[in-house]
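**Q**
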Amino acid sequence: MNLEFYKKQALLKQKEHKKFLDGLKKKPPKNLDYVVQETHEEVFEKIDCLQCANCCKTTGPLYTEKDIERISKHLRMKSADFEAKFLRVDEDDDKVLQNLPCFFLNGDNTCSIYDVRPKACREYPHTDRKKIYQINDLMMKNTVICPAAFEFVERIMKNLEK
Numbered sequence: 433m434n435l436e437f438y439k440k441q442a443l444l445k446q447k448e449h450k451k452f453l454d455g456l457k458k459k460p461p462k463n464l465d466y467v468v469q470e471t472h473e474e475v476f477e478k479i480d481c482l483q484c485a486n487c488c489k490t491t492g493p494l495y496t497e498k499d500i501e502r503i504s505k506h507l508r509m510k511s512a513d514f515e516a517k518f519l520r521v522d523e524d525d526d527k528v529l530q531n532l533p534c535f536f537l538n539g540d541n542t543c544s545i546y547d548v549r550p551k552a553c554r555e556y557p558h559t560d561r562k563k564i565y566q567i568n569d570l571m572m573k574n575t576v577i578c579p580a581a582f583e584f585v586e587r588i589m590k591n592l593e594k
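This is the structure in structure tokens:
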């Protein structure tokens, strides 16, 4: 997977993508949620996250209290010890990873805590949610990081033209 290519394309098309996503926000089509789900499935038939894992290498998820409890329990650690070892509080007062790439990313791009991974990881890149226009800013950021998010925006533009 050519990450550099995707990143360049995403940066080149930012204005076009932003204009399109802003248009969805102003006047969402009636069938938008259906088209979003269909497009999400199309994209992930072609893109295999295990070939990339750029999100795990370059961006850390937010850890909720539920995430911390679940992962700590799985690792047989106290929540406080887990936080001290892996997390820090960022400028927005969110709990995030101390270091990147993610400590739980294995050499083959699999996740050592996949079954208990944070909610943010489970939902990433957020291409299968209802009312997609509510996360336009996040989607714009994700297109630069995630080839699937870039492909999603490209395809949804085409799918909504039909």
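Each residue of the sequence shown is one higher than the last, beginning at 433 in our numbering. We put the CB at the ideal spot given by N, CA and C, even for glycine.
Note the first and the last residue of the continuous beta strand (DSSP E) segment covering K527.
**A** First-last of the beta strand (DSSP E) with K527: 527-529.
**Q** In angstroms with no decimal places, state the Cα-to-Cα distance between V575 and I564.
**A** Residue identity differs from the one stated: residue 575 is Thr in this sequence, not Val. Spanning the two alpha carbons is a distance of roughly 14 angstroms.
**Q** According to the neighbour-count rule (16 or more other Cβ atoms, all chains shown, within 10 Å of its Cβ), is V521 buried or exposed?
**A** exposed
**Q** What does a CB cutoff of less than 7 angstroms around K439 pick up in its chain, not counting 5 residues either side in sequence?
**A** V576
**Q** Determine the contact status of K534 and P557, defining contact as a CB-CB distance below 9 angstroms.
**A** Looking at the sequence provided, one finds Cys at residue 534 rather than Lys. Going by C-beta atoms, C534 is not nearer than 9 angstroms to P557.
**Q** Taking its Cβ as the centre, do 16 or more other Cβ atoms sit within 10 Å of D499, making it buried, or is it exposed?
**A** buried
**Q** Can you give me the Cβ contacts of L435 inside the same chain, cut-off strictly under 8 angstroms, excluding the 5 residues immediately before and after it?
**A** Counting only Cβ-Cβ distances below 8 angstroms, and skipping sequence neighbours, we find C484, N486, P579.
**Q** Suppose you measure from the CA of T542 to the CA of K527; what does that come to, to the nearest Å?
**A** 22 angstroms
**Q** Looking only at its own chain, which residues have a Cβ that is under 8 angstroms from the Cβ of E470, when we skip the five neighbours before and after it?
**A** Sequence-distant partners of E470 (beyond 5 residues in either direction) whose C-beta falls short of 8 angstroms from its own C-beta, in its chain, are N591.
**Q** Any chance the stretch 488-507 sits against the stretch 545-555, with 3 or more Cβ pairs inside 8 angstroms?
**A** yes
**Q** Using three-state DSSP, classify L494 as helix, strand or coil.
**A** coil
**Q** Going by alpha carbons, who is nearest to A442 out of K478, L519, F582?
**A** Measuring from the Cα of A442, the nearest candidate turns out to be F582.
**Q** Helix, strand or coil: which one does DSSP assign to L532?
**A** coil
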